[in-house]
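One point on numbering: in our numbering, the residue at position 104 of the sequence shown is 125, and numbering is uninterrupted.
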Amino acid sequence: MPTDNNAIIQSLWVGSRLSTMERLAISSFLKCGHTFHLYCYGDVENVPSGAVRMDAEEILPASSIFTYQSGSGFGAGSPAAFSNLFRYTLLHERGGWWVDLDVVCLRYFEFSDARVLATERTDDRPPQEYMVGSAVMKLPPRDDLMAWLCREVRQKDLSALRFGDIGPNLMEVGVERLDYNSYLRPFTFFCPVPYYEWRLLLEPSRQFAFGASVYAVHLWHAMWNDAGIDTDATFDETCLYEQLKRRLL
């Protein structure tokens with residue numbers, strides 16, 4: 022078992038049951054040689070064997086959980102809103118890696134850097150421009166960016182938040198303000214398939230040329246949820262999602 026500061030991967034689940042996608046994400050990191058710490062509130066069904074259950078109350082109390090309240094807008098009712106504050110608080114206190122539970126590991130996260138920030142492509146900017154992502158990050162304890170993000174979130178009107186407000190959008194502001202641009206990694210590292218092309222993950226016989234620079238694939242669960250697609254369903258056996266399930270679940 023690796024003992025370096027890349028060994029432990031951390032994430033959070035708010036709910037009583039993991040779907041196939043979350044199980045796939047956790048299993049993929051375990052199979053690639055990582056230890057996986059899953060923070061949760063109470064019992065959670067379907068946690069893969071080998072994952073270490075952690076008490077989320079040690080980081081933030083369950084009474085502090087909040088969701089996006091933007092009516093019927095994208096992500097409405099999702100605890101993904103709270104997960105942003107949770108990850109910033111966790112990493113500020115304990116440091117290390119954070120990944121969302123829709124990120125599938127393809128190879129061990131071997132980075133000597135103390136800070137690693139993901140980027141992703143977006144469809145509202147020129148092709149050569151990328152935005153800061155929040156699905157994968159590595160920071161040391163007491164990091165300035167995490168401290169800044171925690172302060173900023175706590176000053177927000179949580180009832181008025183929209184999807185992304187305190188995630189990638191706020192992170193991008195913080196990265197610029199604190200001059201963290203040197204810690205950004207190419208989008209190919211963790212988000213080789215952009216969110217606006219997420220349906221390619223389910224396209225039969227679709228080929229992906231994932232080279233040595235690809236450490237993980239972000240599956241964009243929020244897009245599936247918005248489209249009403251069940252992550253527990255079985256799809257065409259030749260699509261990437263099913264291939265990843267056969268290989269890593």
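Glycine included, C-beta positions come from ideal geometry on N, C-alpha and C.
The secondary-structure analysis by DSSP pairs Leu138 across a beta bridge with Met158, Leu205. Taking a C-beta distance under 9 angstroms as the contact criterion, Ile29 and Trp118 qualify as a contact pair. Remark: C-beta atoms of Trp34 and Leu51 do not approach each other more closely than 9 angstroms. Nearest C-alpha to Leu270 among Arg44, His239, Ser37: Arg44.
In the DSSP assignment, Arg38 forms a beta bridge with Glu66.
Distance from the Cα of Asp164 is smallest, within the candidate group Glu131, Tyr201, Ala139, Arg142, for Tyr201. Between Ala77 and the set Thr110, Val68, Ser99, the nearest pair of CA atoms involves Thr110. CA-to-CA, the gap between Val153 and Arg142 works out to about 9 angstroms. In the DSSP assignment, Trp118 is bridged to Ile30, Lys159. Counted as a single uninterrupted DSSP element, the alpha helix (DSSP H) harbouring Ala168 occupies residues 165-175. Contact annotation: His113 and Pro162 have beta-carbon atoms nearer than 9 angstroms. Put simply, the segment 206-215 touches the segment 233-240. At least three CB pairs are less than 8 angstroms apart.
A check of alpha carbon separations from Lys159 across Glu173, Arg108, Val194 identifies Arg108 as the nearest. Per DSSP, Asp247 is one residue of the alpha helix (DSSP H) stretching across 242-248. Across the structure, Trp245 and Ser133 are spaced so that their CA atoms are roughly 34 angstroms apart. Taking C-alpha positions only, Arg115 is separated from Ile80 by approximately 10 angstroms. For Arg74, the secondary structure class from DSSP, reduced to helix, strand or coil, is strand. By the neighbour-count criterion, in which 16 or more other beta carbons inside 10 Å mark a residue as buried, Phe229 falls on the exposed side. Burial is judged here by how many other beta carbons sit within 10 angstroms of a residue's own beta carbon; Gly71 has fewer than 16 and is exposed.
Inclusion of Val125 and Leu265 in the CB contact set at 9 angstroms is warranted, their separation being smaller than that value. A direct Cα-to-Cα measurement between Ser40 and Ser49 gives close to 14 angstroms.
In the structure shown, Ala233 falls within a coil segment according to DSSP collapsed to helix, strand and coil. The three-state secondary structure of Leu111, taken from DSSP, is helix. In the DSSP assignment, Leu269 falls within the alpha helix (DSSP H) that extends over 261-269. Looking at the DSSP output, Phe57 bridges to Ile30.
For the 9 angstroms CB-CB criterion, Ile187 and Glu197 do not form a contact.
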